[in-house]
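Residue numbers (this note's numbering): 101 to 492. Glycine is no exception: its CB is placed at the ideal position from the N, C-alpha and C atoms. Accompanying notes for the structure given below.
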């Protein structure tokens, strides 16, 4: 049995030449580069340009196609067999080289700018099968606007230093800088993936400032007492869930709630945060179960709607300090420290990354181990009820 003849591997995005089965005169199908995909992301093979008798003729066709010199039927003018003279072979090779140089010149003449790449990337990301929220689209657009200094620069001239300067110089909060870094990393990964550039300049990008997500004013014991005294109120319920779980308000839309085994799973921002599991504290279990059965979710409002309602609601409670929903996260962290929750478990529950490699790789914890730690936190309502019971 004869061995299958091997041919040089064509570059990505060049097209393909496929040997057809059976005894055919023109046994090679020549396909242009793939440009269309199904909603599931599968390749839609384009119609063949032509069918030829020899792989090398197919290569000549593809090269002409890439150069823009291909004309339908030109394959009939190309002949390649063992009887070709040296001069004919030289002409064949010269045509390939001439077309290749034409491709190279065209590629060098037309390089996308940052803005043109952004348009391609945006359409690719948001016009696919996956549905993104309007907030995600708005965040992407805002991040693009914050990269104004890059808009007109050809992407093959953009360096890591330029990207890092953008991240270091724009006067934004940490969360907004995260969106900028995310956009830059995804855009240039996309550009590398479709062979618009050879190297990705965004690989080493980082945020060189302190995470202002770590600043906030925890609720006092008096504040928590007031929340518990209003636990039938919708806003108070959300705040209590946040205070005894450590989640961000936006994460309530992203987490999975398991009321059979009583835990939350998921989050936002980092990989560690997205994969975390938080046992539902016994103090808020009845609230969580009630909301899931009645509403099918923890938070029904959009973030902007909830924030507006919160501003209107807080004065009713007459709390000691002005608060935002993010202060609940700091309240949870404070409660963990106050009631001696293990530091590594506090980090796990909050979704913080571990700088210690040993903990990050081997420090896995079972659900019940985490539950034992989170239940160390004494609920203000429970403490008050215990005192009232003992007084009787």
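From the DSSP output, in three-state form, read off residue 292 for me. helix
Does the count of Cβ pairs from the region 332 to 348 and the region 387 to 397 closer than 8 angstroms reach three? yes
In the DSSP assignment, find the beta strand (DSSP E) that holds residue 130 and state where it starts and stops. 128 to 131
Can you tell me whether residue 262 is helix, strand or coil according to DSSP? helix
With H, G and I counted as helix, E and B as strand and the rest as coil, what does DSSP make of residue 152? In the structure shown, residue 152 sits in a strand (DSSP, three-state: E or B).
Once the 5 residues before and after residue 301 are set aside, which same chain residues still bring their CB inside 7 angstroms of it? Only 258, 259, 260, 263 and 288 meet the Cβ criterion.
Name the one or two DSSP bridge partners that residue 213 has. As a beta-bridge residue in DSSP terms, residue 213 pairs with 254.
Does the distance from the CB of residue 419 to the CB of residue 326 come in under 8 angstroms? yes
Following the continuous beta strand (DSSP E) through residue 379, name the residue where it begins and the one where it ends. It spans 377 to 379 - the beta strand (DSSP E) in which residue 379 sits, taken as one unbroken run.
Alpha carbon to alpha carbon, how far is residue 226 from residue 305? Give it in angstroms, no decimals. Residue 305 and residue 226 have their C-alpha atoms spaced approximately 24 angstroms apart.
Apart from the five residues on each side of it in sequence, which residues of its chain come closer than 6 angstroms, Cβ to Cβ, to residue 474? 379 and 381
Within the continuous alpha helix (DSSP H) that includes residue 117, where are the two ends? Here residue 117 belongs to no alpha helix (DSSP H); instead the beta strand (DSSP E) covers 116 to 119.
Identify whether residue 319 lies in helix, strand or coil by the three-state DSSP scheme. Reduced to three states, the DSSP call for residue 319 is coil.
Between residue 131 and residue 113, how many whole angstroms is the CB-CB distance? I'm expecting something under 8 angstroms. Contact flag wrong, Cβ pair sits at about 12 angstroms.
Contact the region 391 to 409 vs the region 349 to 359: 3+ CB pairs below 8 angstroms: yes
For the beta strand (DSSP E) containing residue 358, name the first residue and the last one. 356 to 358
Residues bridged to residue 413 (per DSSP): Partner(s): none; residue 413 has no beta bridge.
Three-state secondary structure assigned by DSSP to residue 452: coil
Going by DSSP, which residues form a beta bridge with residue 364? 357 and 378
Rounded to whole angstroms, what's the CA-CA distance from residue 456 to residue 375? Just pull it up for me. Note that residue 456 scores a pLDDT of 44, beneath 50, so its modelled location is shaky; the value from the coordinates is reported in the next line. Those two C-alpha atoms are separated by around 18 angstroms.
Taking all protein chains shown into account, do 16 or more other C-beta atoms lie within 10 angstroms of the C-beta of residue 233, making it buried, or fewer, making it exposed? So residue 233 ends up on the exposed side.
When the Cβ atoms of the region 275 to 284 are set against those of the region 240 to 255, are three or more pairs found closer than 8 angstroms? yes
Can you give me the Cβ contacts of residue 292 inside the same chain, cut-off strictly under 6 angstroms, excluding the 5 residues immediately before and after it? 300
Residue 430 versus residue 245 - alpha carbon distance: 31 angstroms
My output table needs one value for residue 389: the three-state DSSP class, helix, strand or coil. helix
Reduced DSSP category for residue 231 - H, G, I as helix; E, B as strand; rest coil: coil
Can the beta-carbon of residue 158 be found closer than 8 angstroms to that of residue 117? yes
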